[in-house]
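Peer 1: Residue numbers (full-length UniProt numbering): 1 to 311.
#1: I need the DSSP call for residue 238, collapsed to helix, strand or coil.
#2: Hey, residue 6 and residue 290: beta-carbon distance below 8 angstroms or not?
#3: The beta strand (DSSP E) that contains residue 61, what's its start and end?
#4: So the candidates are 144, 75, 115 and 76; which of them puts its Cα closest to the Cα of residue 12?
#5: Whose C-beta lies closer than 6 angstroms to the C-beta of residue 232 among residues of the same chain, with five residues either side of it excluded?
#6: Need the endpoints of the beta strand (DSSP E) that residue 2 sits in, please.
#7: Let me know if residue 18 comes out buried or exposed under the rule of 16 or more other beta-carbons within 10 Å of its beta-carbon.
#8: When the Cα atoms are used, what is the spatial distance from residue 200 to residue 224?
#9: From what residue to what residue does the beta strand (DSSP E) around residue 92 run?
#10: Would you kindly work out how many angstroms separate the C-alpha atoms of residue 339 and residue 150, rounded to a whole number?
#11: Check residue 45 in the structure and name its three-state DSSP category.
#12: Looking at the strands, I want to know which residues DSSP matches up with residue 207.
#13: Please state whether DSSP places residue 24 in a helix, a strand or coil.
#14: Mind checking whether residue 174 and residue 157 have CB atoms under 8 angstroms apart?
#15: Per DSSP, residue 128 is paired with what?
Set out below in structure tokens:
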């Protein structure tokens, strides 16, 4: 049998915003309709660092991703997020495609933020986009947003490194107050344990996609953001209310009693209209990885990208 292996460079060579956004759209739709099965994400902590194993499958394919977050790697000049993802045939059980997992994660996560924004705005133009954070996720969020939308201005802020990223991508480096006061859409891509998006500083109408805060005690969004939002989109209700303090804490405080919390897959499947201001809270689900991997592997085979290895 032959296994197609895709490096980070291969992934970036064949990935485009339209294809990636379409892939996560199908992924969310399939998850919420029950067509894609995925066991609960298995999480371990090794030397205090987060390791996750994510599995998703349907009648055609079976995918698994193993990923970790080692924040201390930044001090060593190494990537903080590492992993691999592999796709199998559900019919024969043969492994079909293997790819570097951290870039796959970043691409599918950024695609989800872009998709949530399109669903909230229902147009492919943004006035001012604000990005909070300056890591890999911030980079790919800016890159895919620039490809997918027509954007008048992109602002970025972070504790450090955002000036370099701004110069690299042609963004405007600003302080957090200016960004929160000015942005129509905000992508929050931090590893912060405490809120970085403050509702009192936001415009009356906004859309915020929050991809950080993956533990029950951590938050990117403060109470005021939750109170202002009319619609709260999530990738998986079960996963978000199990894993993220951004919704767990407000729920425990009784702030979600009259809020419309809906899975993004249900919005797609039922054609719901989103009332803004809106939030998209994502912790990432296996369905995103499987459909994105399937899509990029198919494209790689068509374009002759990657390396075939005989097993």
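Backbone N, C-alpha and C define an ideal beta-carbon position, used for all residues, glycine too. Because the structure is a prediction, the values reported are computed rather than measured.
Peer 2: Quick look at the numbers:
#1: Sequence index remark: in the chain shown, residue 238 carries index 238 (1-based). Helix.
#2: Stepping through the chain shown from its first residue, residue 6 is reached at position 6. Stepping through the chain shown from its first residue, residue 290 is reached at position 290. Residue 6 places its beta carbon 8 angstroms or farther from that of residue 290.
#3: Indexing the chain shown from 1 puts residue 61 at position 61. It spans 61 to 69 - the beta strand (DSSP E) in which residue 61 sits, taken as one unbroken run.
#4: Translated into the one-based positions of the chain shown, residue 12 becomes position 12. Nearest neighbour of residue 12 by Cα position, chosen from 144, 75, 115 and 76, turns out to be 144.
#5: Reading the chain shown from its first residue, position 232 is the one you call residue 232. For residue 232, where only same-chain residues beyond five positions count, the Cβ hits under 6 angstroms are 259, 261 and 279.
#6: Working through the chain shown from its first residue, we reach residue 2 at position 2. It spans 2 to 6 - the beta strand (DSSP E) in which residue 2 sits, taken as one unbroken run.
#7: As a first step, residue 18 is located in the chain shown; it is residue number 18 there, counting from the start. Exposed, by the Cβ-count rule.
#8: Position 200 of the chain shown, counting from 1, holds the residue named residue 200. Position 224 of the chain shown, counting from 1, holds the residue named residue 224. Between residue 200 and residue 224, the C-alpha separation is close to 6 angstroms.
#9: As a first step, residue 92 must be located in the chain shown, where it is residue number 92. Per DSSP, residue 92 lies in no beta strand (DSSP E) and is assigned neither H nor E.
#10: In the structure as shown, the chain starts at 1 and stops at 311, and residue 339 therefore has no counterpart that could be examined.
#11: Along the chain shown, one-based indexing puts residue 45 at 45. Here residue 45 sits in strand by DSSP.
#12: For the purposes of this step, residue 207 is taken as the residue at position 207 of the chain shown. Beta-bridge pairing links residue 207 to 185 and 278.
#13: The residue you call residue 24 lines up with position 24 of the chain shown. Helix.
#14: The residue you call residue 174 lines up with position 174 of the chain shown. The residue you call residue 157 lines up with position 157 of the chain shown. Yes, these two residues count as a Cβ contact at 8 angstroms.
#15: For the purposes of this step, residue 128 is taken as residue 128 along the chain shown, with counting starting at 1. For residue 128, DSSP records a beta bridge to 153.
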